[in-house]
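Chemist:
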Amino acid sequence: MALDSFVSLGRSGLKVSPFCLGAMNFGEDGGFGCSVEESEKILQTYLDRGGNFVDTANFYTNGHSEKIIGDYFAQRPGLRDRVVLATKFFCNLHLGDPNGGGAGRKAILGQIEDSLRRLRTDYIDLYWLHNYDWSTPMEETLRTLDDLVAAGKIRYVGFSDTPAWFTAKAHTTALLRGWTPITALQMEYSLLERTIEGELIPLAQDAGMGVLPWSPLKSGYLSGAYTRGNGIPAGTRRSAVLGAPSEAQFTVIDALAAVAEEVGASSAAVALSWVRNRPGVSSTIIGPRRLDHLEANLAGLEIRLTDEQTALLDEVSAPTLNFPAELNRQVAPMLKYSGATVDGRKSVVYPPLLESTTRY
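In this text, residue positions in the sequence shown follow the UniProt record's numbering: the first is 1, and each later residue adds one.
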């Protein structure tokens, strides 16, 4: 697969690359990230390879990420319209201003204008709510976003890092009111973070929302840089903050390394391939800080895991999900099918039914 083997974003009409270029590291403001020059090299290489999907947020590197992207496209007339450009709102960049962030009408309208100015564009293709806003009526947020669609300032609406109950309620409300629905969900997802499989991925599949995993390498834990006995990789501020993987995480990391050796690829490429091929996933966000990181990540498009290799990674990374996920997985088929084989899977019989043939 290549970056120009485009996929549908959920059930929408929007077509995007299988890997989305995340621009969180564009700009060195805040003490990490990359220079303007390196950012532009990464963006240019991604586009040259056929990519069309770029994701940022209003607060990444204090707004510099958006400005770098905006300046790049402004210098190349006509290119911006060929790209699906996404950014996020919620984070407050105005110290002490209670209305500077969040999902209220005043906050959204202020944030969209600032993002459009920094991005030097008239519209944003996909506008993400970055977090759950507990104090703003959901209807206020949805109606404001629908007004922005009607005004031509945004094309699609997405939710990032929001609870499943809130997301389902918002999507249903939007459909009932005739407002713009939720097109996609952006959530953390990797071999070391699979708990969205309990509620959020089933919701997305049922509602036709595309899923965009972020941190598919779990902040570098799955990159191959972390090995037992070698301590914490030097040279990055993030490594010092995160510390070393736990014993349970190393079990997954070791299994990933073994599969990577089998296929002759890096651990990062295998981890990205695993995420990209998960049910419900439309496009996966990669966030390179250097050009060689981008090249290494794009190798994940070429990896083809066998069923056995996938099953091994699935098993070793299997998450503990909230109730009633496990009950529904194990008990529900037994109660529903009573020993029948359906879709190739044989069910078991509820034991009391085998004790007697009498039925009342």
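Idealized CB from N, CA, C, for every residue including glycine.
What number of angstroms, rounded off, separates the C-alpha of Y189 from the C-alpha of T195?
Modeler: Going from the Cα of Y189 to the Cα of T195 covers about 8 Å.
Chemist: Go ahead and pull the three-state DSSP assignment for I108.
Modeler: Looking at I108 - three-state DSSP - the assignment turns out to be helix.
Chemist: Determine the direct distance from the alpha carbon of L353 to that of S347, and round the result to whole angstroms.
Modeler: Their backbone Cα atoms lie some 14 Å apart in a straight line.
Chemist: Have a look at A248 and R118 and give me their C-alpha separation to the nearest angstrom.
Modeler: Distance between the alpha carbons of A248 and R118: 43 Å.
Chemist: Just the Cα atoms here: how many angstroms apart are N25 and L217?
Modeler: Rounded to the nearest angstrom, the two C-alpha atoms are 15 Å apart.
Chemist: Throw me the rounded Cβ distance for the I54 and S283 pair, which I believe falls under 8 Å.
Modeler: The sequence given here places Val at residue 54; Ile does not occur at that position. Not quite, the Cβ-Cβ distance comes to about 11 Å (not below 8 Å), so this is no contact.
Chemist: Do you know offhand how far P181's Cα is from V211's?
Modeler: For P181 and V211, the distance between alpha carbons rounds to 15 Å.
Chemist: If the criterion is Cβ atoms closer than 9 Å, does the pair Q186 and S219 meet it?
Modeler: Not closer than 9 Å, so no.
Chemist: Is it the case that the Cβ atoms of E302 and A260 are separated by a distance below 9 Å?
Modeler: Result no, Cβ atoms of E302 and A260 do not sit closer than 9 Å.
Chemist: When the Cα atoms are used, what is the spatial distance from T183 to T358?
Modeler: T183 and T358: Cα-Cα distance of roughly 51 Å.
Chemist: Just the Cα atoms here: how many angstroms apart are M334 and G344?
Modeler: Roughly 15 Å between the two C-alpha positions.
Chemist: For I124, report the span of its beta strand (DSSP E) as first-last.
Modeler: Where I124 is concerned, the enclosing beta strand (DSSP E) stretches over 124–129.
Chemist: I need the straight-line Cα distance from A244 to I42, nearest angstrom please.
Modeler: Rounded to the nearest angstrom, the two C-alpha atoms are 28 Å apart.
Chemist: Nearest to G30 by alpha carbon, out of N62, A2, E140?
Modeler: Residue N62 is the option with its Cα nearest to G30.
Chemist: Looking at G31 and the ligand GTP, is the gap between the Cβ and the nearest heavy atom below 8 Å?
Modeler: Ligands are entirely absent from the displayed structure, and the ligand GTP is therefore not among its contents.
Chemist: Mapping the DSSP letters down to three states, classify F159 as helix, strand or coil.
Modeler: Three-state result, F159: strand.
Chemist: For M1, does the three-state DSSP call read helix, strand or coil?
Modeler: DSSP places M1 in coil when its eight states are reduced to three.
Chemist: Using a Cβ-Cβ cut-off of 6 Å (strictly less than) and excluding sequence neighbours within five positions of G300, which residues of its own chain qualify?
Modeler: Within the same chain, G300 has close Cβ partners A269, L272, S273.
Chemist: Straight-line CA distance for G13 to R155?
Modeler: The alpha-carbon atoms of G13 and R155 are separated by roughly 11 Å.
Chemist: Could you check whether T87 and A57 sit closer than 9 Å to each other, using their CB atoms as the reference points?
Modeler: Yes, the pair counts as a contact, with Cβ atoms nearer than the cut-off.
Chemist: Going straight from the alpha carbon of T167 to that of S356, what length do you get?
Modeler: Near 46 Å, if we compare the C-alpha coordinates of S356 and T167.
Chemist: Please list the segments of the beta strand (DSSP E) lying wholly inside the segment 134–221, counting only runs of 3 or more residues, in order along the chain.
Modeler: Qualifying beta strand (DSSP E) stretches, in chain order: 154–160, 182–188, 210–214.
Chemist: Starting from L256, follow the alpha helix (DSSP H) in both directions and report where the run begins and ends.
Modeler: 247–263 is the extent of the alpha helix (DSSP H) around L256.
Chemist: Return the residue from the list A170, L85, V349, G229 that minimises the CA-CA distance to L116.
Modeler: Ranking the options by Cα distance to L116, first place goes to L85.
Chemist: How would you label T341, buried or exposed, when you count the other beta carbons within 10 angstroms and need 16 or more for buried?
Modeler: Flag for T341 reads exposed.
Chemist: What does a CB cutoff of less than 7 Å around R143 pick up in its chain, not counting 5 residues either side in sequence?
Modeler: These residues qualify, in order along the chain: W179.
Chemist: In this structure, does DSSP put T61 in helix, strand or coil?
Modeler: If DSSP states are grouped into helix, strand and coil, T61 belongs with the helices.
Chemist: Check L9 in the structure and name its three-state DSSP category.
Modeler: Looking at L9 - three-state DSSP - the assignment turns out to be coil, as it is neither helix nor strand.
Chemist: Quick one: using the 10 Å Cβ neighbour count with 16 as the cut-off for buried, is L200 buried or exposed?
Modeler: Buried, because 16 or more other Cβ atoms sit within 10 Å of the Cβ of L200.
Chemist: In terms of DSSP beta bridges, what is V342 paired with?
Modeler: V342 is bridged to R345.
Chemist: Using only alpha-carbon positions, find the residue among G280, I112, M1 that is nearest to A204.
Modeler: The residue with the shortest Cα to Cα distance from A204 is G280.
Chemist: Report buried or exposed for D133, applying the criterion of at least 16 other Cβ atoms within 10 angstroms of its Cβ.
Modeler: Looking at its Cβ environment, which holds 16 or more other Cβ atoms inside 10 Å, D133 is buried.
Chemist: Run the CB neighbour count on F323, radius 10 Å, all protein chains shown included, and call it buried at 16 or more, exposed below.
Modeler: Exposed, because fewer than 16 other Cβ atoms sit within 10 Å of the Cβ of F323.
Chemist: CB-CB under 6 Å to R120, same chain, minus the five flanking residues each way: which ones, in chain order?
Modeler: Only G70, A74 meet the Cβ criterion.
Chemist: Jot down the residue ranges of each uninterrupted beta strand (DSSP E) in the segment 18–50, minimum 3 residues, whole runs only, in chain order.
Modeler: With a minimum length of 3 residues, the continuous beta strand (DSSP E) runs that stay inside the segment 18–50 are 19–22.
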